[in-house]
Every structure is written in structure tokens, then in C-alpha cells.
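Visitor:
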Amino acid sequence: MGARVRVALLGVRGSTPAPGLEFVRYGGHTSSVAVALDGLMPSLILDAGTGLRGLTALLGGRPFSGAIVLGHLHWDHTQGLPFCPAVDNPDAKVDLWMPAQGDAEVVLARGMAPPHFPITPRQLRGAWWFGGMEEGVHEIAGFEVLAREIPHKGGRTFGYRVTDGRSSFAYLSDHCPSNLGPGPAGLGELHPAALELADGCDLLIHDAQYLDEELPERASFGHAAAGYSVALAEAASVPHVLFFHHDPQRTDDAIDTLVARYENAKPRVEGARQGSVIDLSNPTAA
Numbered sequence: 219m220g221a222r223v224r225v226a227l228l229g230v231r232g233s234t235p236a237p238g239l240e241f242v243r244y245g246g247h248t249s250s251v252a253v254a255l256d257g258l259m260p261s262l263i264l265d266a267g268t269g270l271r272g273l274t275a276l277l278g279g280r281p282f283s284g285a286i287v288l289g290h291l292h293w294d295h296t297q298g299l300p301f302c303p304a305v306d307n308p309d310a311k312v313d314l315w316m317p318a319q320g321d322a323e324v325v326l327a328r329g330m331a332p333p334h335f336p337i338t339p340r341q342l343r344g345a346w347w348f349g350g351m352e353e354g355v356h357e358i359a360g361f362e363v364l365a366r367e368i369p370h371k372g373g374r375t376f377g378y379r380v381t382d383g384r385s386s387f388a389y390l391s392d393h394c395p396s397n398l399g400p401g402p403a404g405l406g407e408l409h410p411a412a413l414e415l416a417d418g419c420d421l422l423i424h425d426a427q428y429l430d431e432e433l434p435e436r437a438s439f440g441h442a443a444a445g446y447s448v449a450l451a452e453a454a455s456v457p458h459v460l461f462f463h464h465d466p467q468r469t470d471d472a473i474d475t476l477v478a479r480y481e482n483a484k485p486r487v488e489g490a491r492q493g494s495v496i497d498l499s500n501p502t503a504a
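In the numbering used here, the protein residues as written are 219 to 504.
(1) In whole angstroms, what is the alpha-carbon distance linking L398 and S494?
(2) Per the DSSP calculation, P317 is bridged to which residue(s)?
(3) Which value, in whole angstroms, describes the spacing of the CA atoms of P410 and A310?
(4) Per the contact definition of three or more C-beta pairs closer than 8 Å, is the region 400-409 in contact with the region 332-345?
(5) Put H458 into one of helix, strand or coil per three-state DSSP.
(6) Please list, in chain order, all residues of the same chain as A503 whose beta carbon is under 8 Å from its beta carbon, the five residues on each side excluded.
(7) Figure out for me which residue from A444, P237 and V287 has the closest Cα to the Cα of T475.
(8) Quick check for students: name the residue ranges of the beta strand (DSSP E) that lie wholly in the region 276-312, counting only runs of 3 or more.
(9) Exposed or buried, what is H458 when buried is set at 16 or more other beta-carbons lying within 10 Å of its beta-carbon?
(10) DSSP three-state call for I358: helix, strand or coil?
(11) Measure the CB-CB distance between Q427 and G232 and report whether it falls below 8 Å.
(12) Can you give me the Cβ contacts of I358 inside the same chain, cut-off strictly under 8 Å, excluding the 5 residues immediately before and after it?
(13) Grouping DSSP H, G and I as helix and E and B as strand, with all else coil, what is A252?
(14) As a quick exercise: from T469, A449 and D471, pick the residue whose alpha carbon is nearest that of P485.
(15) If we count the other Cβ atoms within 10 Å of its Cβ and call it buried at 16 or more, is D265 buried or exposed?
(16) Give the C-beta separation of T248 and D294 to the nearest angstrom, bearing in mind that I take them to be a contact with Cβ-Cβ under 8 Å.
(17) Give me, in chain order, the residues of the same chain whose beta-carbon lies closer than 8 Å to that of V477; leave out the 5 immediate sequence neighbours on both sides.
(18) Would DSSP call G229 helix, strand or coil?
(19) If you pair each beta-carbon of the region 271-285 with each one of the region 298-305, do three or more pairs fall below 8 Å?
(20) Please report the residue range of the beta strand (DSSP E) in which D425 lies.
The following block contains the structure:
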């Protein structure tokens, strides 16, 4: 059987890019994930961090046609937009969605316009459309996308569940469940939105910026501990977890050590690696 949904990890780092020899195996680019259906070219992009630049090679130099869906508007999820030739292209056709919070183009331009940047979103080449998304189910780029608001500091933030009706994955790149209380293990609430997004998925891609022991000091920055990702997967019967949004100071060796903590966990646990591809008809192959 051919691929159903293929998930390509273009950028897996959080907060800011992490260049250097200690960050080569997992990658230093910030959040961006490309999703393709049945062996076709990717038509859905989740987040547009600096990892978005890798889309050009993935498409073999062809312009992108499809949708970019942003989980929120922090720099590490938007700064790839003007640096990706596949989307900043006269022949590109891009629908850009974000959590609704006013005129989408105007909101995006607050961080991408002079004097902060030389051009505005409207000056990206190609046919662009900008729109706000509310919670609920949406048909986007050939997929069904469920959007739910999740806690994260500094602006409206969504997590997503993406499915073609056969395979599905959940994407909660930036998530601070401790904002809703300590939860059963002190790492944050297993709250209804997170459980709904993850329930029965083939794969969970989840914020794991902090070690569990770092959470008390760093939770105010707006992210989750790795142990929460595993607990959410267990509660939602997800067989495969990718730790995502790696801390910019977390080296390759440190991520190896973190993943090794969960070698006996019920879901299979891996660290998200820039450049890897997961075939959801065989979700443990990356």
C-alpha cells in the first residue's frame, strides 16, 4: 500500500535557530512541517519558521501551491516566509491561515514590515490570501484540519489534528498546559482540547522544550515538559510521539539522553529530526 499521509519535518527547533556542530543531527531550524497526501507534493504546511526554507528542495525547485497554517505568530513560526523561494515565487499560490485575531494580513505585518523588515506580507511574490481561522473543523489543502485553542504565552495559539480520513496526526508545537493547573503529575493538565486533538492519532508531534525538572523554573516562558508529551500520548492512546520544539540550547547528545529516559514508555518516543519523513501508513518509520 502506498503512503497515505507523509509528514516531512523541515524545522524542529524552538524559540530561535541553533546553528553549530552540536545541533547537526536533530537540526537547528525553527518550526515547520510539510504534509503530503498519497505520494503527491506537499500541499499543507504547518508553521513557517526558518525550516520553511527546506520546502524548496522538497519540491525540487517548483513553486508551492497549497496552504500554510500557523499555530501562532511568534517569530520562530513566521520568519521563514520571505526566505523560501518555493512560496516567495511569482507562480506560487498560497492560502495562509492563522488563529483569528483581527485582519490576518495586518496582524502578520506587525512583525513583517518596515522598519522591522524590508517588505510586507502583501509584497511576497505569487498569489497570496490571508485569513483568520476559528476553532473547529476545516477542509484545507485536501485534509481535514481540527483546530483547538491551547494555552501558550503571548497571543492566541492553536493546536491541530490533521487527517485524510484514514491516517491522522496531532501537532501541538507550543503548549503550556501548566497554565491550567499542575495536572496529575505536576506537569500540566491533560485538558479537553489537548485530549481531543490527540485522541487515537497515529502520531503526536508535541512541544518538549523542557526537561520535567526544568518546568518549575521555566514554565512561565510558555512551553511544555517532555514528560507531559508522553503522558498525553498515553492518555489519548497514541502509539508514537515526537519531541518537538527543542530548546535552542539542547544539543544532539542532550536530546539523545532525554529520549533515552522514555525507552520503556508505552508509546514509541523519538526526538524530531529536521529532514526526516514519517509515512503514516507505517508511522514508526522515520
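Note that CB positions come from ideal geometry on N, CA and C, so glycine has one too.
Guide: Put simply:
(1) Taking the first residue of the sequence shown as position 1, residue 398 is located at position 180. Taking the first residue of the sequence shown as position 1, residue 494 is located at position 276. Roughly 33 Å separates the two Cα atoms.
(2) Counted from its first residue, the sequence shown places residue 317 at position 99. M351.
(3) The residue given as residue 410 occupies position 192 in the sequence shown. The residue given as residue 310 occupies position 92 in the sequence shown. Near 37 Å, if we compare the C-alpha coordinates of A310 and P410.
(4) no
(5) Translated into the one-based positions of the sequence shown, residue 458 becomes position 240. In this structure, H458 counts as strand in the three-state DSSP scheme.
(6) In the sequence shown, counting from the first residue as 1, residue 503 sits at position 285. With a pLDDT of only 44 at A503, under the threshold of 50, the placement of this residue in the model should not be trusted; the figure read from the coordinates follows. Around A503: I496 and D497.
(7) On the sequence shown, position 257 is the one that residue 475 refers to. The candidate whose alpha carbon is nearest that of T475 is A444.
(8) 283-287
(9) Along the sequence shown, read from residue 1 onward, the residue named residue 458 stands at position 240. Under this definition H458 is a buried residue.
(10) If you number the sequence shown from 1, residue 358 lands on position 140. I358 falls in the strand class under three-state DSSP.
(11) Reading the sequence shown from its first residue, position 209 is the one you call residue 427. Reading the sequence shown from its first residue, position 14 is the one you call residue 232. Contact flag set, yes.
(12) Walking along the sequence shown from the start, residue 358 turns up at place 140. Here the set comprises L262, A285, V287, D313 and W315.
(13) By 1-based counting over the sequence shown, the position of residue 252 is 34. Correct three-state label for A252: strand.
(14) One-based indexing of the sequence shown puts residue 485 at position 267. Checking every option, the nearest Cα to that of P485 belongs to A449.
(15) Indexing the sequence shown from 1 puts residue 265 at position 47. The residue is buried, with at least 16 neighbouring Cβ atoms inside 10 Å.
(16) Working through the sequence shown from its first residue, we reach residue 248 at position 30. Working through the sequence shown from its first residue, we reach residue 294 at position 76. So it is a contact: roughly 4 Å between Cβ atoms.
(17) Start at 1 with the first residue of the sequence shown, and residue 477 comes out as number 259. Within the same chain, V477 has close Cβ partners F461, V487, E488 and G489.
(18) Walking along the sequence shown from the start, residue 229 turns up at place 11. Correct three-state label for G229: strand.
(19) yes
(20) For the purposes of this step, residue 425 is taken as the residue at position 207 of the sequence shown. That run of the beta strand (DSSP E) goes L421 to D425.
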